[in-house]
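Letter 99 of the sequence shown, counting from 1, is numbered 99 in full-length UniProt numbering, and no numbers are missing. Heads up, the beta-carbon is just placed ideally off N, CA and C, and yes, glycines get one too. For clarity, every value in this text was computed on a predicted model and none was experimentally measured. Written below as structure tokens is the structure these notes are about.
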Amino acid sequence: VDLLSQRRTISFNSCFTQMFFFHLVGGVDIFSLSVMALDRYVAISRPLHYVTIMSRGRCIGLIMAAWVGGFVHSIVQIALLLPLPFCGPNVLDTFYCDVP
């Protein structure tokens, strides 16, 4: 399903998959921005200790934590949506689905 095709419907499974990846990327983005804010805070407040505080291992750990946080966020969002009762056909009349 895309903008150029004549078929403008999406199944529930595809919709949930799309929402999962949408929330995953959004969650990773937010957590990565938090890591970048921490990095700038340390660079400004403790410039002489920056290299020891923000080591390569710590930076990699923070980015991995951002990915894990985004994954957990998207799993929780989908887990909360799955038990909701959906009435009607199993096809949505759109090519993009979002949580109302």
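Three CB pairs or more closer than 8 Å across the region 9 to 25 and the region 70 to 81:
yes
Cβ pair Trp67, Val28 closer than 9 Å:
On the sequence shown, residue 67 is found 67 positions in, with the first residue counted as 1. On the sequence shown, residue 28 is found 28 positions in, with the first residue counted as 1. Taking 9 Å as the Cβ cut-off, Trp67 and Val28 qualify as a contacting pair.
DSSP state of Leu11, grouped into three classes?
Counting from 1 along the sequence shown, the entry for residue 11 is found at position 11. Here the sequence assigns Ser to residue 11, which means Leu is not the residue at that position. Looking at Ser11 - three-state DSSP - the assignment turns out to be strand.
Please report the straight-line C-alpha distance between Arg46 and Ser34, rounded to a whole angstrom.
As a position in the sequence shown, residue 46 is number 46, starting the count at 1. As a position in the sequence shown, residue 34 is number 34, starting the count at 1. Whole-angstrom Cα-Cα distance: 18 Å.
I need the straight-line Cα distance from Ile63 to His73, nearest angstrom please.
Position 63 of the sequence shown, counted from the first residue, corresponds to residue 63. Position 73 of the sequence shown, counted from the first residue, corresponds to residue 73. When rounded, the distance between both Cα atoms is 15 Å.
Run through DSSP, which three-state label would Met54 get?
Position 54 of the sequence shown, counted from the start, is the residue given in the question as residue 54. Coil, per DSSP.
Separation of Ile30 from Val51, as counted between CA atoms
Sequence index remark: in the sequence shown, residue 51 carries index 51 (1-based). Sequence index remark: in the sequence shown, residue 30 carries index 30 (1-based). Looking at the two C-alpha atoms, the distance is approximately 24 Å.
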